[in-house]
Amino acid sequence: TGCDLVMLGRAAFGDPWVFRRVRARHEAGEILPLPSAAERLESGVRHLALLVADVGEAIAAKEMRKHVAWYIRGLPHSHKVREQVNQTRSAAELAQLLTTYLETLERQGLGAFALEPTQETIAVHATG
12 TGCDLVMLGR
22 AAFGDPWVFR
32 RVRARHEAGE
42 ILPLPSAAER
52 LESGVRHLAL
62 LVADVGEAIA
72 AKEMRKHVAW
82 YIRGLPHSHK
92 VREQVNQTRS
102 AAELAQLLTT
112 YLETLERQGL
122 GAFALEPTQE
132 TIAVHATG
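Residue 74 in my numbering sits at position 63 of the sequence shown; the count goes up by one each step and never skips.
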């Protein structure tokens, strides 16, 4: 396409895999699948642990609320989970909530659930 530059901003919130997908598309023409619910939630728990190690429990618990909203965006029943996320008081409580949510999705056969490509992700794939 002659493209010299690609800007990624909000696409990376809750979807850090976007960089891997863009690279695969650019270097090999490969379109990678979107992350599953399990991948997203497990990454959210890891992100929380890293944030706790970096800034401490109290700040991490509050800061992570907005990140969790991005990680769970579009997943089944996410609106209910978002309400619970905003009521958590500790990182441990937040991690448990994400773990329980994943277990619930897996019991419902939705752990492998991945979002359909949006216009944003289609544009990312099309520009490779």
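Ideal placement from N, C-alpha and C gives every residue a C-beta, glycine not left out.
Proximity winner among the options, relative to residue i (alpha-carbon distances)
i, options, result
"S54", "G67, A80, E41", "A80"
"V33", "S47, G25, M18, R93", "M18"
"R31", "Q95, L43, L116", "L43"
"R118", "E94, A23, A48", "A48"
"I83", "E50, R21, C14, E38", "E50"
"A106", "R76, E41, A39", "R76"
Inter-residue spacing [alpha-carbon to alpha-carbon] between residue i and residue j
i, j, result
"G25", "L45", "12 Å"
"A22", "W28", "9 Å"
"E74", "L61", "12 Å"
"A125", "E68", "30 Å"
"L109", "C14", "39 Å"
"Q95", "S89", "10 Å"
"V56", "E38", "30 Å"
"V92", "Y112", "8 Å"
"T115", "V66", "30 Å"
Outcome for residue i when other beta-carbon atoms lying within 10 angstroms are tallied against a minimum of 16
i, result
"A123", "exposed"
"L86", "buried"
"L52", "buried"
"T99", "buried"
"L59", "buried"
"A103", "exposed"
"A160", "Lying before the first or after the last residue shown, residue 160 is absent from the chain, which here runs from 12 to 139."
"A71", "buried"
Start and end residues, alpha helix (DSSP H) containing residue i
i, result
"Q95", "89-96"
"F30", "29-39"
"T99", "It is not in any alpha helix (DSSP H) - T99 carries neither H nor E in the DSSP assignment."
Going residue by residue through the stretch 38-74, where are the continuous alpha helix (DSSP H) segments of at least 4 residues, counting only ones entirely within it?
48-66
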